Amino acid sequence: MPKRRSGRDNGGESRVLFRFPGLHKDVVKAVSGEMASPRFHGRGSNQTPNREYSTHVMGRFECKNSACSSGGWASKKIAIVIKGFPDNGYNAEVYNQRCKFCDKLGTLILDKESYVERVAYRIKRWAGVEVEHPHYGPKKGLPHESAHCEGCKRGVCRETSG
69 MPKRRSGRDN GGESRVLFRF PGLHKDVVKA VSGEMASPRF HGRGSNQTPN REYSTHVMGR
129 FECKNSACSS GGWASKKIAI VIKGFPDNGY NAEVYNQRCK FCDKLGTLIL DKESYVERVA
189 YRIKRWAGVE VEHPHYGPKK GLPHESAHCE GCKRGVCRET SG
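Numbering (this note's numbering), first residue to last: 69 to 230.
In structure tokens, the structure reads:
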């Protein structure tokens with residue numbers, strides 16, 4: 069029987085995806101001097117994106133289920149869909165993952181640097197800015213677990229098989 073951990077509740081996380089408008093200033097700073105400032109395209113608009121790009125960011129997840137023995141896990145393959153809108157608008161949706169021990173949604177602790185880097189790179193490309201393709205070292209770590217990835221379940225993760 070799994071150990072109960074204090075400081076966690078039984079409710080846990082309910083969000084399948086996350087948006088980070090609080091990181092918009094960092095994205096603007098990352099593209100400044102190379103293009104016009106992008107605008108964060110928040111909720112409440114019925115405007116359809118004219119571009120989409122799926123990639124990955126990094127981060128950690130905490131399992132908030134007090135009945136679960138997992139404290140959390142790190143991931144270098146967290147699905148993100150970056151969407152471009154007319155007039156230099158963008159947003160990004162980062163998809164959650166489930167705990168492999170209890171199948172509850174995790175609580176994301178985003179690696180902000182990887183998010184800003186990926187979003188800034190993509191919107192610069194869309195704006196026609198010449199950018200060097202980033203080099204990522206050899207893959208290290210555990211394989212991607214599609215069964216626990218909400219991006220895979222929705223067909224937006226680059227690791228989705230089939």
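All residues carry an ideal CB built from backbone N, CA and C; glycine is no exception. Only a predicted model underlies this, so the values are computations on that prediction, with no experimental measurement involved.
Run of the beta strand (DSSP E) containing residue i, from where it starts to where it stops
i: S143; result: 140-153
Bridge partner(s) assigned by DSSP for residue i
i: A160; result: I150
i: L173; result: R166
Element boundaries [alpha helix (DSSP H), containing residue i]
i: V187; result: 180-194
i: G219; result: 218-221
Supposed contact pair residue j and residue i - C-beta distance, whole angstroms, cut 8 Å
i: L85; j: E227; result: Actually they are not in contact, since the Cβ atoms of L85 and E227 sit about 16 Å apart, beyond 8 Å.
i: N164; j: R83; result: 6 Å
i: L91; j: Y183; result: 6 Å
i: L176; j: V162; result: 7 Å
i: G152; j: W194; result: 5 Å
i: P106; j: I191; result: 5 Å
i: C225; j: A147; result: 4 Å
Does the segment 117-133 come close enough to the segment 150-160 that 3 or more CB-CB pairs lie under 8 Å?
-> yes
Does the segment 131-138 come close enough to the segment 164-171 that 3 or more CB-CB pairs lie under 8 Å?
-> yes
Taking the runs of the alpha helix (DSSP H) that are 4 residues or longer, which of them lie wholly in the segment 70-133?
-> 92-99
So, do the segment 90-98 and the segment 121-133 have three or more beta carbon pairs nearer to each other than 8 Å?
-> no
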